[in-house]
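A.B. asks: Sequence lines, in order, name chains A and B.
331 is the number of the first residue of the first sequence in my numbering; add one for each residue after it.
331 is the number of the first residue of the second sequence in my numbering; add one for each residue after it.
C-beta atoms are modelled at their ideal positions from N, C-alpha and C, and glycine is treated no differently.
Note that the structure is predicted; figures quoted are calculated from it, not measured.
2 protein chains.
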Amino acid sequence: MIVRGHIVDVLNRRMFDGEIEFENGKIVRRTEVAVPDNAPYIMPGFYDSHIHIESTLLTPEHYARLAVEQGTIGVITDPHEIANVLGVDGVNYMIDSGKKVRFHFHFAAPACVPATPFETAGATVDSRMVTELLKRDEVYGLGEMMNVPGVLSNDPETMAKINATLAAGKIVDGHSPALTGDDLKKYQAAGISTDHECTTLAEARERVKLGMTIQIREGSAACDFDALAPIIAEAPGQVMFCSDDKYPDEIGQGYLNAMCRRAIHRGLPLWDVLTAACVTPLKLYGLKHGLLQVGDNADFIVVDNLQEFNLQETYIDGYHVVDDGLCTEQIVIDDTPLDTNYPNHFLAEPITVDDIAVPAHEGNIKVIGTTEGSLLTTQMLMTPKIENGLVVSDIPHDVLKLVCLSRHSKAKPVMGFIHGFGLRRGAIASTIGHDSHNIIALGATDEDIVCAINTIIEMKGGLVVVDGKDAVELALPIAGLMSYRNGARVAKRHYQLKNFAERLGCRYKAPFMTMAFMSLSVIPEIKLTDKGLFDATKFEFTDLFVK
Amino acid sequence: MIVRGHIVDVLNRRMFDGEIEFENGKIVRRTEVAVPDNAPYIMPGFYDSHIHIESTLLTPEHYARLAVEQGTIGVITDPHEIANVLGVDGVNYMIDSGKKVRFHFHFAAPACVPATPFETAGATVDSRMVTELLKRDEVYGLGEMMNVPGVLSNDPETMAKINATLAAGKIVDGHSPALTGDDLKKYQAAGISTDHECTTLAEARERVKLGMTIQIREGSAACDFDALAPIIAEAPGQVMFCSDDKYPDEIGQGYLNAMCRRAIHRGLPLWDVLTAACVTPLKLYGLKHGLLQVGDNADFIVVDNLQEFNLQETYIDGYHVVDDGLCTEQIVIDDTPLDTNYPNHFLAEPITVDDIAVPAHEGNIKVIGTTEGSLLTTQMLMTPKIENGLVVSDIPHDVLKLVCLSRHSKAKPVMGFIHGFGLRRGAIASTIGHDSHNIIALGATDEDIVCAINTIIEMKGGLVVVDGKDAVELALPIAGLMSYRNGARVAKRHYQLKNFAERLGCRYKAPFMTMAFMSLSVIPEIKLTDKGLFDATKFEFTDLFVK
């Protein structure tokens, strides 16, 4: 087969007009010939250098169909979420699902499962299991090392995982928000190569100077592109793009291609931008995919121009997986479904309004202050609204009750209060709550919160928005994290969920994702896990009331 | 077949729990039985009471596939756009395309083709042709009567069309923006039943009082819902919903269902809202589709609740055309393609930069002032920006050159200037320009305007955004108005066009639609047709310069 156009040889930072000929999945010839001015551009595909596919709510096979339509042909992915629910069995499920389609999946051995002892987890992945996983070709290395204290204190189990990875000649991914100075140096020196948690240019520069590669993240909640974009030109070769956590309806609106577009419209140099999007992930992780050189695998995309990067065609291993912008059946390797007895871990039982009552005490309450697009929270001291001796949601001040309930054990719910979501009616609930994915819910009334949680329990996982007797639901029967359905259906339902939440007053465009980080006790400042209100600065549980 | 849920009998303003049984496309039994609280709602489908399907950029058969996914099962549609290009042949093309799918199409005989003598048209539909069209069962009546002066002055040809329609027992649709008092009374008394051009509640109330039925319009450019919503409760039975002109990517984000949702969240009474969306069009136009009564055709939809109206299923004549939110092959009646020798009328030839030069004269220039979401323009007097004796686009003041070029004859382009679009670079061009659909373009530089126009000419119709050598294009080979492709592809490309325009500085979310009304000389205040700058208040051509 021959494709013709403006050839964008990112590896050699060179553009020429011509043809690419490929046979049996390999590029056999590159020829320089004249092409019309309005010919399309042929370039390497994009790689998402850090994504938890579970956050797309799709299985890897369905995720891939959405990704290729935006020109993304491979991922570095950490199955951290499913591992927190199902351990190594979950990792294997993701690898098996990925094998059903033509797409370049590279999985991490999850580094921190469970993430902390401060919430009830579904599983453990210890250093022995990590070592076993690293033997697999599908496993590129160790996933994001969130246990910064463990690295800094030479915790034996933590170091065993890192050292096993380095011994296997594989990469250790980092996660070091706000870490700086000597601590950062020690963290990097332990053998950690990357960080996707930079939110300021100063953080990115400090890491790059130490030789780390940073991933600029543009997800559905965390959006760091605008802050970090200058690093693309300052440190070409040490920058990659990633999404971390991104919803399916948003992938359909633009993905890595949208990041390239924004970078170009910002005036950043073309070759630096495309190196970050297409080349650096392959070099860093030692991947052998095609970069348009003779002898390479025929992995490439065709776009209309190098400002907009609107996708026309995608080829993976010579297969024409996107034709005129839409995914084709050529992406399929194996269309038999995986086991429909979906893997899950779900022990929670229905609750009542009495279970989530919060008796009033003297003093102010510690409210979790949130910001759209940030994993960080701030502790706010506020006067509680008290009715009949109970602390309740305070709508005018945007203080909503937040409830967390273990699904990995039979337990009672725990309660906190949260600011920023803006709900004036109803409630939302989810079984996506980093990292152990217990049940988390918030709402304007206790009745709606309980209804939302019990709906989730009935589905054994999912997302729900409730207002009185009306509800919009998305069932996530695979580990309480993923649907078995295709991207179009899940994206549509997810869009409906967000719309309903918005009409109930929600001010956040990605309320479920922002809520999902409210149990993530490794990121400051105050969180709520199924075990209680947690001070993520002091790393200890804390009281709701302050005298 | 049996469906079970909360039955929403809009016709009788009654809700009950039960089952609907249907056989051979007809409802044979309604049974009251208990259903779970979280059962879905079964209700009549929605009707768009006034749409130009051409504006979706899709053929009727492809439009229907998008519409049913939002619960719309029928339309009152005026093939006015294609008729302006191809006359009765164009109307026939639309009817034939509509017959390929299960969907309730009802076509108008276009009333005003050509709309005015002030631009070059592609065809004429005279009263004799209208009379012939009215004999067809597929034709519900006469399309929007835009020739208000013709009605008020008893123009014989205009009255012949109206009287032929009334004689056939069919409906005459109106179009009377800003008409009031005795003129409005005379217009209505001529036999005109509807108006979709109200933009204020006062206009709507005046028409309703005269016995007219008004269509609340929520399109991609004109959005009248917020202004008119109270009339839904004030005049139940005299209100319908419509889109008029709506893009495919926006239909996918919510259509009549979204209007119901907004009305309910605004607190309007459920039965009044659903009567407008589902019942009034059937009654007014005398249509025999199903309304969930025993003996009716099995036309209905299933939604999750009556706040959000998220669509689960659509049935048309008993066929299950939407399953779990996605269109099925049951919508297909005939999957052989229509003639691929696409009907068109296109005589324009490429132009040069010299062709669009505007020599400077003394005085100010009349600039067309535009507002997103309005078909109305205002005349602005501004100091021209002059370079080398020529008037050019003035970016800091957002004054862009506007060019119109006949495609129905070989002619020279005419030029004006326009304010409001905000483009800082590049140009956009289109062959959708109401009503004759000549070529219309605007841009920051003459070079980009010419490139955009010539790209359109090469495609023989379409939409294009140009910036230097980069362009995003959508070919519209069917009459220069429609693609032959499916909704997903066209929606995606249209989204890309808008995105590119936005990145060039465009401030409008629907720039092509707003631009498409800049030649519409029947709507005040100042427009540009292929024959020159037109004062739509005085109904005469006018000079660009004012001393």
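Taking only the alpha-carbon atoms, compute the straight-line gap between residue 458 of chain B and residue 419 of chain B and give it to the nearest angstrom.
C.D. replies: Approximately 15 Å between the Cα atoms of the pair.
A.B. asks: In this structure, does DSSP put residue 657 of chain A in helix, strand or coil?
C.D. replies: DSSP places residue 657 of chain A in strand when its eight states are reduced to three.
A.B. asks: Are the stretch 474-483 of chain B and the stretch 493-506 of chain B touching, with three or more C-beta to C-beta distances below 8 Å?
C.D. replies: Taking 8 Å as the limit for Cβ pairs, the verdict is that the stretch 493-506 of chain B does touch the stretch 474-483 of chain B.
A.B. asks: If you measure from the beta carbon of residue 336 of chain B to each beta carbon in chain A, is any gap under 8 Å?
C.D. replies: No - not a single Cβ of chain A is within 8 Å of the one on residue 336 of chain B.
A.B. asks: Residue 530 of chain B to residue 547 of chain B, Cα distance in whole Å?
C.D. replies: Each residue's Cα considered, the two are about 12 Å apart.
A.B. asks: What does DSSP give as the partner residue(s) for residue 414 of chain A in the beta ladder?
C.D. replies: Answer by DSSP bridge pairing: none, since residue 414 of chain A is not bridged.
A.B. asks: Using the beta-carbon count (16 or more within 10 Å), is residue 714 of chain A buried or exposed?
C.D. replies: Residue 714 of chain A comes out buried.
A.B. asks: From B/805, B/668, B/371 and B/444, pick the residue whose C-alpha is nearest to that of residue 347 of chain B; which is it?
C.D. replies: Taking only the C-alpha atoms, the option nearest residue 347 of chain B is B/371.
A.B. asks: Answer yes or no: do residue 401 of chain B and residue 633 of chain B have a C-beta to C-beta separation smaller than 8 Å?
C.D. replies: Closer than 8 Å, so yes.
A.B. asks: Which residue comes first and which comes last in the beta strand (DSSP E) that contains residue 464 of chain B?
C.D. replies: Not the beta strand (DSSP E): residue 464 of chain B falls in the alpha helix (DSSP H), residues 457-464.
A.B. asks: With a threshold of 6 Å on Cβ separation, who are the neighbours of residue 468 of chain A within its own chain once the five nearest residues in sequence on each side are excluded?
C.D. replies: Correct list, in chain order: 425 and 437.
A.B. asks: For the alpha helix (DSSP H) holding residue 561 of chain A, just list the boundary residues, first then last.
C.D. replies: Here the alpha helix (DSSP H) through residue 561 of chain A covers 561-564.
A.B. asks: Just to confirm the assignment: which complete beta strand (DSSP E) runs, minimum length 3, are found wholly within the stretch 697-740 of chain B?
C.D. replies: Runs found: 708-712, 715-717, 720-722 and 729-735.
A.B. asks: Can you give me the Cβ contacts of residue 356 of chain B inside the same chain, cut-off strictly under 8 Å, excluding the 5 residues immediately before and after it?
C.D. replies: Hits under 8 Å: 625, 626, 627, 628 and 648.
A.B. asks: Report the residue from B/768, B/773, B/749 and B/784 whose alpha carbon sits nearest the alpha carbon of residue 809 of chain B.
C.D. replies: When each option's Cα is compared against that of residue 809 of chain B, the closest is B/768.
A.B. asks: Any beta carbon of chain A sitting closer than 8 Å to that of residue 837 of chain B?
C.D. replies: Judged by the 8 Å Cβ criterion, residue 837 of chain B is not in contact with chain A.
A.B. asks: Does the stretch 735-743 of chain A come close enough to the stretch 812-828 of chain A that 3 or more CB-CB pairs lie under 8 Å?
C.D. replies: In short, these stretches do not touch, since the Cβ pair count stays below three.
A.B. asks: Just to confirm the assignment, what range does the beta strand (DSSP E) spanning residue 830 of chain A have?
C.D. replies: Per DSSP, residue 830 of chain A belongs to no beta strand (DSSP E); it is in the alpha helix (DSSP H), 817-833.
A.B. asks: State yes or no: is the beta carbon of residue 660 of chain B nearer than 8 Å to at least one beta carbon in chain A?
C.D. replies: Chain A contact via Cβ: absent.
A.B. asks: Would a check of beta-carbon distances place residue 818 of chain A closer than 8 Å to chain B?
C.D. replies: Interface residue, yes.
A.B. asks: Using the Cβ count rule (16 or more neighbours within 10 Å means buried), how would you classify residue 654 of chain B?
C.D. replies: It is exposed - the Cβ of residue 654 of chain B has fewer than 16 other Cβ atoms within 10 Å.
A.B. asks: Counting only Cβ-Cβ distances shorter than 8 Å, please list the residues of the stretch 606-635 of chain B near chain A, keeping chain order.
C.D. replies: Listed in sequence order: 634 and 635.
A.B. asks: Smallest Cα separation from residue 341 of chain A: which of A/412, A/806 and A/600?
C.D. replies: Closest option to residue 341 of chain A, Cα to Cα, is A/600.
A.B. asks: Could you tell me which chain A residues have their CB closer than 7 Å to the CB of residue 830 of chain B, listed as they occur along the chain?
C.D. replies: Near residue 830 of chain B (Cβ distances below 7 Å), the residues of chain A are 638.
A.B. asks: I'd like the list of long-range same chain contacts for residue 446 of chain A, defined as Cβ closer than 7 Å, with 5 residues on each side in sequence excluded.
C.D. replies: These residues qualify, in order along the chain: 851 and 852.
A.B. asks: Would you grab the beta carbon distance between residue 814 of chain B and residue 386 of chain B for me? Rounded to a whole angstrom, and I think it's under 8 Å.
C.D. replies: That belief does not hold up - the Cβ atoms of residue 814 of chain B and residue 386 of chain B are roughly 13 Å apart, past 8 Å.
A.B. asks: Against chain B, does residue 833 of chain A count as a neighbour if the rule is that its beta carbon must be under 8 Å from one of theirs?
C.D. replies: For residue 833 of chain A, the answer is yes, since a Cβ of chain B falls inside 8 Å of its Cβ.
A.B. asks: Any chance the stretch 541-560 of chain B sits against the stretch 835-844 of chain B, with 3 or more Cβ pairs inside 8 Å?
C.D. replies: In short, these stretches touch, since the Cβ pair count reaches three.
A.B. asks: Does DSSP put residue 577 of chain A in a helix, in a strand, or in coil?
C.D. replies: Coil at residue 577 of chain A, not helix or strand.
A.B. asks: Below 7 Å CB to CB, which residues in the same chain sit around residue 510 of chain A once its five sequence neighbours on both sides are set aside?
C.D. replies: Around residue 510 of chain A: 536.
A.B. asks: Which residue comes first and which comes last in the beta strand (DSSP E) that contains residue 757 of chain A?
C.D. replies: Taken as a continuous stretch (DSSP letters only), the beta strand (DSSP E) holding residue 757 of chain A covers 757-760.
A.B. asks: With burial defined as no fewer than 16 other Cβ atoms inside 10 Å of the residue's Cβ, what is the status of residue 376 of chain B: buried or exposed?
C.D. replies: So residue 376 of chain B counts as buried.
A.B. asks: Beta-carbon separation of residue 382 of chain A and residue 575 of chain A under 8 Å?
C.D. replies: Yes; because the gap between Cβ atoms is below 8 Å, this pair is in contact.
A.B. asks: In chain order, what residues of the same chain lie with their CB nearer than 6 Å to the CB of residue 338 of chain B, ignoring the 5 residues before and after it?
C.D. replies: Cβ within range, chain order: 345, 371 and 373.
A.B. asks: Would you please state the rounded distance, in angstroms, between the beta carbons of residue 748 of chain B and residue 708 of chain B? I believe it to be under 8 Å.
C.D. replies: The Cβ separation is near 11 Å, so there is no contact.
A.B. asks: When you compare each of A/778, A/774 and A/698 to residue 844 of chain A by their alpha carbons, which one comes out closest?
C.D. replies: Nearest of A/778, A/774 and A/698 to residue 844 of chain A, Cα basis: A/698.
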